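Undergrad: In UniProt numbering, the protein residues as written are 1 to 371. Note that CB positions come from ideal geometry on N, CA and C, so glycine has one too. As the structure is a prediction and not an experimental result, all values here were calculated from the model. Pasting in a structure now, in structure tokens, and then I'll have a few things to ask.
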């Protein structure tokens, strides 16, 4: 539609709208000029592993060895490889809803079974330790925690994480902790990794992270896992037969991302927070919308079931399609995240476009509202 000249505002982006910081670009260019363009070890450059180890020590006060870290082709590839390694056919993975779209599919690709545990607007889009415990069977292998969350932007408190860690200890489960949005927190919130809570929690936690969101490096495809040495070794062996190694130039860029100045990370975070403060009340004022104010990431996840009903649509998917064709605003229906009463909007775009998009959505809802 854009290519045909239609004025579409896209709010579906799952990536920062900033370019990669200049110091990182320069480090990548320098590495190429120096001839660092050959194969690396399958699990990543030792220097990048060290940068990750230093980052985890600096930010989370966690200690890891090189043997407990693997660099992958983005956090998504790391997650895929992890499921291939830890799951046998029929093994179950507990996944809170709403979830990032690839979690259930990656579990299925490893012949595992995704077990969805539902949250809602009333529970701040978070599940409880009791819900997780109730979902455990003799086939349960792991629990996924994504904090801050895509798509809701909510974070789990230290107390909530501790209760979940206790359940996982009781049932001897892996904890897969997706922390890719850890640097994008607002209202003076601080990131807590569940691995920080105890020695037992650290031993069973597999941290997934990367430079995509924190340093606006989505296309560079560098992520990592930190955790159990046996699991990491098996993942590295699998990667050696499937991908050879993460892109060499990207690895040198990622070293600079972690070891170089972090000013750009904070600048981006502050800008996202400023956008959130402006757009949240505007979105919340739309008739039939219920919106929790996110604590992190760069998404808003309004519950729109009342607006859908009052505007004469049968499903949120149909409502979202109409927003595209009639209001000229592209959003993502929550059905893809296991949250069919919601839509996801990204504020990783200019504030002028975001505010114009919200105006269009409100005008569309008000024009079609039927009591």
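Give every residue of the same chain whose Cβ lies closer than 6 Å to the Cβ of residue 255, excluding the five residues on either side of it in the sequence, and list them in chain order.
TA: What you label residue 255 is simply residue 255 of the chain shown in a count that begins at 1. Around residue 255: 47, 48, 51.
Undergrad: Relative to the C-alpha of residue 238, which residue among 354, 86, 111 is closest?
TA: Within the chain shown, the letter at position 238 stands for residue 238. Among 354, 86, 111, the Cα nearest to that of residue 238 belongs to 86.
Undergrad: Rank 135, 31, 207 by C-alpha distance to the C-alpha of residue 252 and give the top, closest one.
TA: Here the question's residue 252 lines up with position 252 in the chain shown. When only C-alpha atoms are compared, the closest one is 31.
Undergrad: Tell me, please, which residues DSSP counts as bridged to residue 346.
TA: Here the question's residue 346 lines up with position 346 in the chain shown. Residue 346 is bridged to 299.
Undergrad: So what does DSSP say about residue 19, is it helix, strand or coil?
TA: Here the question's residue 19 lines up with position 19 in the chain shown. Three-state result, residue 19: coil.
Undergrad: Roughly how many angstroms lie between the CA atoms of residue 228 and residue 65, to the nearest whole one?
TA: Counted from its first residue, the chain shown places residue 228 at position 228. Counted from its first residue, the chain shown places residue 65 at position 65. Taking the straight line from one Cα to the other gives about 10 Å.
Undergrad: Figure out for me which residue from 97, 166, 135 has the closest Cα to the Cα of residue 123.
TA: Along the chain shown, read from residue 1 onward, the residue named residue 123 stands at position 123. It is 97.
Undergrad: Just to confirm my understanding: we take residue 316, look at its own chain, exclude 5 residues before and 5 after, and list those with CB closer than 8 Å. What are they?
TA: Here the question's residue 316 lines up with position 316 in the chain shown. 304, 305, 308, 333, 334, 335, 340, 341, 342, 343.
Undergrad: Hey, residue 197 and residue 162 are a contact pair by Cβ (cut 8 Å); roughly how many whole angstroms apart?
TA: Position 197 of the chain shown, counted from the first residue, corresponds to residue 197. Position 162 of the chain shown, counted from the first residue, corresponds to residue 162. That belief holds up - the Cβ atoms of residue 197 and residue 162 are roughly 5 Å apart, short of 8 Å.
Undergrad: Using DSSP with H/G/I as helix, E/B as strand and the rest coil, what is residue 146?
TA: Numbered from 1 along the chain shown, position 146 holds the residue referred to as residue 146. Three-state result, residue 146: strand.
Undergrad: Bridge partners of residue 330, per DSSP?
TA: For the purposes of this step, residue 330 is taken as the residue at position 330 of the chain shown. Looking at the DSSP assignment, residue 330 forms a beta bridge with 10.
Undergrad: Within a Cβ cutoff of 7 Å, which residues of the same chain sit near residue 28, ignoring the five residues on either side of it in sequence?
TA: Numbered from 1 along the chain shown, position 28 holds the residue referred to as residue 28. So the list reads 249, 252, 253, once near-sequence residues are dropped.
Undergrad: Hey, could you find the ends of the alpha helix (DSSP H) residue 184 is sitting in?
TA: For this step, residue 184 is matched to residue 184 along the chain shown. Taken as a continuous stretch (DSSP letters only), residue 184 belongs to no alpha helix (DSSP H), as it is neither H nor E.
Undergrad: Looking at the secondary structure, which residues open and close the alpha helix (DSSP H) in which residue 45 lies?
TA: Looking up residue 45 in the chain shown gives position 45. Element bounds for residue 45: n/a, residue is neither H nor E.
Undergrad: Pull up the CB-CB distance for residue 293 and residue 16, whole angstroms please, since I reckon it's below 8 Å.
TA: The sequence position of residue 293 within the chain shown is 293, counting from 1. The sequence position of residue 16 within the chain shown is 16, counting from 1. About 20 Å; that fails the 8 Å criterion.
Undergrad: Report the residue from 80, 107, 99, 286 whose alpha carbon sits nearest the alpha carbon of residue 92.
TA: Here residue 92 corresponds to residue number 92 of the chain shown, with the count starting at 1. Of the listed residues, the one whose Cα sits closest to residue 92 is 107.
Undergrad: Between which two residues does the beta strand (DSSP E) carrying residue 208 extend?
TA: The count along the chain shown starts at 1 and reaches residue 208 at position 208. Run containing residue 208: 205-210, per the beta strand (DSSP E) assignment.
Undergrad: Give the C-beta separation of residue 11 and residue 345 to the nearest angstrom, bearing in mind that I take them to be a contact with Cβ-Cβ under 8 Å.
TA: Locating residue 11 in the chain shown gives position 11, counting from the first residue. Locating residue 345 in the chain shown gives position 345, counting from the first residue. Between residue 345 and residue 11 the Cβ distance is about 4 Å, and since that is below 8 Å, they are a contact.
Undergrad: Which ranges does the beta strand (DSSP E) cover as unbroken runs of at least 3 residues, wholly within the stretch 100-131, from first to last along the chain?
TA: Entirely contained in the stretch 100-131, the beta strand (DSSP E) runs reaching 3 residues are, in chain order, 113-117.
Undergrad: If you drop the 5 nearest sequence neighbours on each side, which residues of the same chain put their C-beta closer than 7 Å to that of residue 222?
TA: Residue numbering aside, residue 222 sits at position 222 when the chain shown is read from its first letter. 71, 74, 210, 211, 246, 250, 251, 254.
Undergrad: Can you confirm whether the stretch 347-355 touches the stretch 112-132 when touching is taken to mean that 3 or more C-beta pairs between the two stretches lie within less than 8 Å?
TA: With a cut-off of 8 Å, the stretch 347-355 and the stretch 112-132 do not count as touching, because too few Cβ pairs lie within range.
Undergrad: Could you name the residues that DSSP lists as bridge partners for residue 174?
TA: As a position in the chain shown, residue 174 is number 174, starting the count at 1. The partner list for residue 174 (beta bridge, DSSP) reads 142.
Undergrad: In or out: residue 3 buried (at least 16 other Cβ within 10 Å) or exposed?
TA: The count along the chain shown starts at 1 and reaches residue 3 at position 3. Exposed, since its Cβ has fewer than 16 Cβ neighbours within 10 Å.
Undergrad: Rounded to whole angstroms, what's the CA-CA distance from residue 207 to residue 195? Just pull it up for me.
TA: Numbered from its first residue, the chain shown carries residue 207 at position 207. Numbered from its first residue, the chain shown carries residue 195 at position 195. Cα-Cα distance, rounded: 8 Å.
Undergrad: Roughly how many whole angstroms lie between the Cα atoms of residue 37 and residue 261?
TA: For the purposes of this step, residue 37 is taken as the residue at position 37 of the chain shown. For the purposes of this step, residue 261 is taken as the residue at position 261 of the chain shown. Computed Cα separation, rounded: 24 Å.
Undergrad: With respect to the beta strand (DSSP E) encompassing residue 92, which residues constitute its N-terminal and C-terminal limits?
TA: Against the chain shown, residue 92 aligns to sequence position 92. That run of the beta strand (DSSP E) goes 92-96.
Undergrad: Which residue marks the beginning of the beta strand (DSSP E) containing residue 224, and which one marks its end?
TA: Along the chain shown, one-based indexing puts residue 224 at 224. Counting along the chain, the beta strand (DSSP E) containing residue 224 begins and ends at 223-226.
Undergrad: Would you mind listing the beta strand (DSSP E) stretches within the stretch 249-324 that are 3+ residues and don't spill past its ends, in chain order?
TA: For the stretch 249-324, not a single whole beta strand (DSSP E) run of length 3 or above is found.
Undergrad: Could you tell me whether the stretch 172-184 touches the stretch 138-151, using the rule of 3 or more Cβ pairs below 8 Å?
TA: Touching, per the Cβ criterion.
Undergrad: With a threshold of 8 Å on Cβ separation, who are the neighbours of residue 371 within its own chain once the five nearest residues in sequence on each side are excluded?
TA: Numbered from its first residue, the chain shown carries residue 371 at position 371. Taken in chain order, the residues that qualify are 310.
Undergrad: Does DSSP put residue 73 in a helix, in a strand, or in coil?
TA: Taking the first residue of the chain shown as position 1, residue 73 is located at position 73. Coil, per DSSP.
Undergrad: Skipping 5 residues on each side, what residues in its chain have a beta carbon closer than 7 Å to that of residue 174?
TA: Numbered from 1 along the chain shown, position 174 holds the residue referred to as residue 174. The answer, listed in chain order, is 86, 141, 142, 204, 206.
Undergrad: DSSP three-state call for residue 365: helix, strand or coil?
TA: In the chain shown, counting from the first residue as 1, residue 365 sits at position 365. Residue state, collapsed to three classes: helix.
Undergrad: Measure the CB-CB distance between residue 126 and residue 160 and report whether it falls below 8 Å.
TA: Indexing the chain shown from 1 puts residue 126 at position 126. Indexing the chain shown from 1 puts residue 160 at position 160. In contact: residue 126 and residue 160 (Cβ atoms closer than 8 Å).
Undergrad: Run through DSSP, which three-state label would residue 52 get?
TA: What you label residue 52 is simply residue 52 of the chain shown in a count that begins at 1. Three-state DSSP puts residue 52 in a helix.
Undergrad: Please say whether residue 347 and residue 276 have beta carbons closer to each other than 8 Å?
TA: Here residue 276 refers to the residue found at position 276 when the chain shown is read from its first residue. Here residue 347 refers to the residue found at position 347 when the chain shown is read from its first residue. Against a cut-off of 8 Å, the Cβ pair of residue 347 and residue 276 comes out as a contact.
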